[in-house]
Each structure stands twice: as structure tokens, then as C-alpha cells.
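Everything on this sheet refers to the single structure shown next.
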Amino acid sequence: QLHIDLAKEGWRVSNTRNAIPQMTKWLDRQEKIETFRRYVNDQAEENQDPLTRTITLAKQPATIKAKPGDSGQFNMVVVTHSAAAESTGLPGMKVGCLQVIFKLPRKILLSEAPSCWPKEELTYIEWYKVSHTPGKHHNMYTV
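The sequence shown maps to residues 1 to 143 in full-length UniProt numbering.
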């Protein structure tokens with residue numbers, strides 16, 4: 001449905017002659033406008049008065065480096081997967097590579113997003129296979 005609506009809007013803004021290049025250029029401009037809007041919002045948040053800014057900390061905070069639009073930088077994550085997890089080994093843990101941090105949109109075109117959608121950030125992680133036993137010669141797990 002989204003691609004149909006975008007195509008219709010692109011058609012409306014074209015002069016209907018040689019419309020496909022015009023529609024493509026319009027969509028490209030919309031993406032650039034959205035990227036710039038996000039950049040401006042990020043800058044506004046960073047420049048917020050430190051006295052009024054609030055930060056919520058988890059009981060056991062973990063951090064991952066994230067910089068919008070910085071391709072080629074990936075972060076390894078080790079996540080507790082079961083109650084068998086320990087702080088000194090891999091049993092009960094999953095290892096992966098963080099690819100994307102994102103939020104679901106609040107609006108989809110002119111409609112509100114479903115209320116069941118999470119409001120906080122989500123992540124996409126590519127999980128690695130981890131050997132279940134350490135290697136013979138180096139006593140380390142292979143990822």
C-alpha cells in the first residue's frame with residue numbers, strides 16, 4: 001500500500017509527460033528531506049540544555065556505539081539468552097553483530113500506527129553460531 005501511495009503522490013507532482021524520471025526524482029528528494037529532518041532533530045536533541053535533559057539508566061546498563069548514517073561500523077553484542085548464562089563464559093549467551101537501531105513510525109501516511117507497536121527503539125542483530133566447546137589448542141570458543 002505504501003509504494004502505491006508514494007507512486008500516486010509522485011504522479012500528482014509530475015506534469016505527466018515523461019513522468020517516471022520526475023516521480024523518481026520526487027521520491028529521491030522526499031528521502032533527502034526526511035534524512036535532513038532527522039539530522040536537524042538529532043542536533044536539536046544534542047544541543048538541549050544539560051540541566052533539563054533526563055536520562056534513564058537501567059539497573060545493569062550496557063552500551064553500544066551508534067552513530068546515524070555511519071556505514072561500515074558494526075558492533076558485536078553478547079546477549080544473555082538463558083538462566084545458565086554466566087559473566088565469565090559463553091554458555092547461555094548469544095553472540096551477534098548489531099546492524100540497525102530503529103523506531104517504528106508513529107504514523108503511516110495519514111493513519112496512526114497500531115497502538116500495540118513498541119514505542120522504544122528496536123534493533124536488528126545478525127546472530128553468529130558459537131561453538132559449544134572451547135578449542136583443543138587454545139581453549140577459546142569459536143564464533
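We put the beta carbon where it would ideally sit given N, CA and C, even for glycine.
How would you label residue i, buried or exposed, when you count the other beta carbons within 10 angstroms and need 16 or more for buried?
i, result
"M23", "buried"
"G96", "buried"
Between the C-alpha atoms of residue i and residue j, what's the straight-line distance to the nearest angstrom?
i, j, result
"A83", "V77", "18 Å"
"Y39", "F102", "14 Å"
"W26", "R37", "16 Å"
"T80", "Y141", "16 Å"
"A85", "G135", "20 Å"
"S115", "P91", "37 Å"
"W11", "P21", "10 Å"
"W117", "N139", "44 Å"
"D42", "I4", "30 Å"
"L104", "A113", "8 Å"
"E120", "T35", "20 Å"
"H137", "I33", "55 Å"
"N15", "A44", "37 Å"
Going by CA-CA distance only, name the one from the options that's closest to residue i.
i, options, result
"L122", "V100, L90, S111", "V100"
"L98", "R17, T133, S87, N75", "N75"
"L6", "N18, G89, H132, D28", "D28"
"H132", "I4, K94, L104", "K94"
"V130", "K32, V143, T35, E120", "V143"
"Q30", "K119, R17, E120, E9", "E9"
- Are the segment 105 to 112 and the segment 125 to 142 touching, with three or more C-beta to C-beta distances below 8 Å? no
As an exercise, report each continuous beta strand (DSSP E) stretch of at least 3 residues that is fully enclosed by the segment 75 to 129, in chain order.
75 to 80, 93 to 102, 122 to 127
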